[in-house]
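Q:
2 protein chains.
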Amino acid sequence: MATRSETTLAERKRQLVAEELRNAALMLLATRGFDAVTVDDIVATAGMSRRTFFRYFASKEDVVVRFLADMGTDVVTELAARPENEPTSVALRRAIWRPLSGCADQPNHAERIRIVVRLILDTPALHARWLERQIQWRSGLAAELAARHGLDPSAHPYPQMAAGMAMLALDAVLQQWRPGDDEHRLAELTDQAFAVVAPALDAGADQR
Amino acid sequence: MATRSETTLAERKRQLVAEELRNAALMLLATRGFDAVTVDDIVATAGMSRRTFFRYFASKEDVVVRFLADMGTDVVTELAARPENEPTSVALRRAIWRPLSGCADQPNHAERIRIVVRLILDTPALHARWLERQIQWRSGLAAELAARHGLDPSAHPYPQMAAGMAMLALDAVLQQWRPGDDEHRLAELTDQAFAVVAPALDAGADQR
DNA sequence: CTATCGATGACACCCAGTGTCAAGCAATGC
DNA sequence: GCATTGCTTGACACTGGGTGTCATCGATAG
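Quick mapping for you: the protein sequence lines, in order, are chains A and B.
Under the numbering used here, the residues of the first sequence are numbered 1 to 208, in order.
Under the numbering used here, the residues of the second sequence are numbered 1001 to 1208, in order.
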């Protein structure tokens, strides 16, 4: 009975509702600021009930942060796909570049993402949630790095810290992302950030 | 009319109330877990009104996080006190060591702090606030580092990232802090963590 | 046509956090 | 002794985020 492509009609309906909610939320939050918008405002704009909102999103923060959630999974899977013999700094740089390159493809979408990034970085409550997410990604990266180097993650600080340094680099790029920056500029920022941490990434890999 | 040592009686009374509240809160939170304790539980234990609690602490998270707030300021002031010619990795290691050494002085106090650290790391909401604090410290450290190297903090990613690496090291130490670890063990963990990031800290300092 | 299942909205809660106001209480001035 | 001033407190009401529950509605399966 699957109407098409393995996704139920109900499934697609759910997705549609979530998108509607998310659009309304992002529009309001980006224009008025996080604290000045209540969930009631959002559901009023989207034309749904308050309860429905919380069936799709765990919290007001969640709407915003989950908009960038793919970033994290992309990074981890990309790292797993990098060749074994690649230096750690290069592999991590490619991994971090993955979601960024996706952003930079279409200027429309990129600008949308940039605004959300700004909103997150400028709103303490959102920033905190964002960091919480990053911690999860970091653990994923760390596990992958530990496997790469044949290290026991609980005994050596290297994997966790190397993953942390990659996150620092990502943060540095996002922090310096300015309106109108094209793909080339983003790549430049990424390279600069990784130039700082590369010595630690590649030095710590072997000696332990 | 100053009774003694420049502190008013009212001042000391305030401090006493805050301490009472904090003790009640930490005791309950550490035993039952963060979400299982309401502010009403805390004020009932401390024998005060709900409103009074929020006059002393901005939020339930605040009670816990502020218990460790001195850490951040200690780190920044210690970095500022390090000699100019000291390598960045050493200066930052000493700075991070400062609050840790303070902890390790009395085993009683150290254990109390360790329990709070565990509570924070294991509670997502607290962990998020903790990271938020760290970001403020990081900015302080970054400013100090920028001054040290004569860099413009807005143009170069190095100061922010170097400060971030110091925070990563601190996190690594706290994460691996086990019950009964003495000062020597903590110093060992700190050295291990800084051994990982040192190459990046000292390499990036000059070349820009 | 009917049973069923998932999505929805309405409603009642709980809890964190804030604004406001009146009462208590110390220190000071007359 | 008495009034004043300033600070702290508790009581109360209110906003807003988040959850549990239940009746309803619509689509689908039999």
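Beta carbons: idealized from backbone N, C-alpha and C, even for Gly.
Just so we're clear, the structure is a prediction, and the values are computed from it rather than from any experiment.
(1) Quick check on this structure: which residue in 80/A, 22/A, 171/A, 119/A has the alpha carbon closest to the alpha carbon of residue 32/A?
(2) For residue 33/A, which residues in chain B fall below 8 Å Cβ to Cβ?
(3) With a threshold of 16 other CB atoms inside 10 Å of the CB of residue 15/A, please say whether the residue is buried or exposed.
(4) Using the Cβ count rule (16 or more neighbours within 10 Å means buried), how would you classify residue 1190/B?
(5) Alpha carbon to alpha carbon, how far is residue 1142/B from residue 1127/B?
(6) Taking the C-alpha atoms as reference points, what is the distance between residue 3/A and residue 17/A?
(7) Going residue by residue through the region 46-75 of chain A, where are the continuous alpha helix (DSSP H) segments of at least 4 residues, counting only ones entirely within it?
(8) Along the alpha helix (DSSP H) that carries residue 1033/B, what are the first and last residues, could you check?
(9) If you draw a straight line from the alpha carbon of residue 1060/B to that of residue 1039/B, how long is it in whole angstroms?
(10) Quick one: is residue 127/A near chain B, going by C-beta distance under 9 Å?
(11) Just to check my reading of the structure: residue 82/A and residue 94/A have Cβ atoms closer than 8 Å, yes? What is that Cβ distance to the nearest angstrom?
(12) At a CB distance below 8 Å, what residues from the region 146-172 of chain A approach chain B? Give them in sequence order.
(13) Are the region 183-203 of chain A and the region 1158-1176 of chain B touching by the rule of at least three beta carbon pairs closer than 8 Å?
(14) Using only the alpha-carbon positions, how far apart do residue 29/A and residue 36/A sit?
(15) Which term fits residue 1001/B, buried or exposed, when burial requires 16 or more other beta carbons within 10 angstroms of its beta carbon?
(16) Suppose the cutoff is 7 Å on Cβ atoms and the five residues either side in sequence are ignored; what does the same chain contact list for residue 1012/B look like?
(17) The alpha helix (DSSP H) with residue 214/A in it runs from where to where?
(18) At least one CB of chain B closer than 9 Å to the CB of residue 131/A: is that the case?
(19) Less than 9 Å between the C-beta atoms of residue 79/A and residue 92/A, yes or no?
(20) Going along chain A in order, which residues have a C-beta closer than 7 Å to the C-beta of residue 1203/B?
(21) Quick one: measure Cβ to Cβ for residue 1026/B and residue 1116/B, integer angstroms, because I've assumed they're closer than 8 Å.
(22) Checking contacts by CB at 9 Å: is residue 175/A closer than that to chain B?
(23) Quick one: give me the first and last residue of the alpha helix (DSSP H) that residue 91/A is part of.
(24) Under 9 Å, do residue 193/A and residue 170/A count as touching if we go by C-beta distance?
(25) For the ligand NAD, is there any heavy atom lying closer than 8 Å to the beta carbon of residue 1107/B?
(26) Do the CB positions of residue 1076/B and residue 1137/B come within less than 9 Å of each other?
(27) Within 10 angstroms of its Cβ, does residue 8/A collect 16 or more other Cβ (buried), or is it exposed?
(28) Hey, is residue 264/A's beta-carbon within less than 9 Å of any beta-carbon in chain B?
(29) Measuring only between beta-carbons, confirm whether residue 2/A sits less than 9 Å from chain B.
(30) For residue 1124/B, go through chain A and note every residue whose CB falls closer than 7 Å to its CB, in chain order.
(31) At a CB distance below 9 Å, what residues from the region 1177-1195 of chain B approach chain A? Give them in sequence order.
A: With the structure as the only source:
(1) 119/A
(2) Ordered by position in chain B, no residue passes the 8 Å Cβ test against residue 33/A, which lies about 18 Å from the chain.
(3) exposed
(4) buried
(5) 22 Å
(6) Only weak support exists for where residue 3/A lies, its pLDDT of 39 falling under 50; the value from the coordinates is given anyway. Cα-Cα distance, rounded: 19 Å.
(7) 50-56, 60-67
(8) Here residue 1033/B belongs to no alpha helix (DSSP H), and DSSP marks it neither H nor E.
(9) 7 Å
(10) yes
(11) 6 Å
(12) 157, 158, 160, 161, 162, 164, 165, 168, 169, 171, 172
(13) yes
(14) 8 Å
(15) Caution is warranted here: a pLDDT of 40 is assigned to residue 1001/B, below 50, making its placement in the model unreliable, and the coordinate value is therefore given only provisionally. Counting Cβ neighbours within 10 Å, residue 1001/B comes out exposed, since fewer than 16 surround it.
(16) none
(17) Given that chain A is displayed from residue 1 to residue 208, the structure contains no residue 214/A and the question cannot be resolved.
(18) yes
(19) yes
(20) 199
(21) 7 Å
(22) yes
(23) 88-105
(24) yes
(25) Among the components of this structure there are no ligands whatsoever, and the ligand NAD is therefore not found.
(26) yes
(27) exposed
(28) This structure leaves residue 264/A out entirely; chain A is present only between 1 and 208.
(29) Any reading at residue 2/A is ruled out, since the residue's pLDDT is 38, under 50, leaving its predicted position unreliable.
(30) 132
(31) 1189, 1192, 1193, 1195
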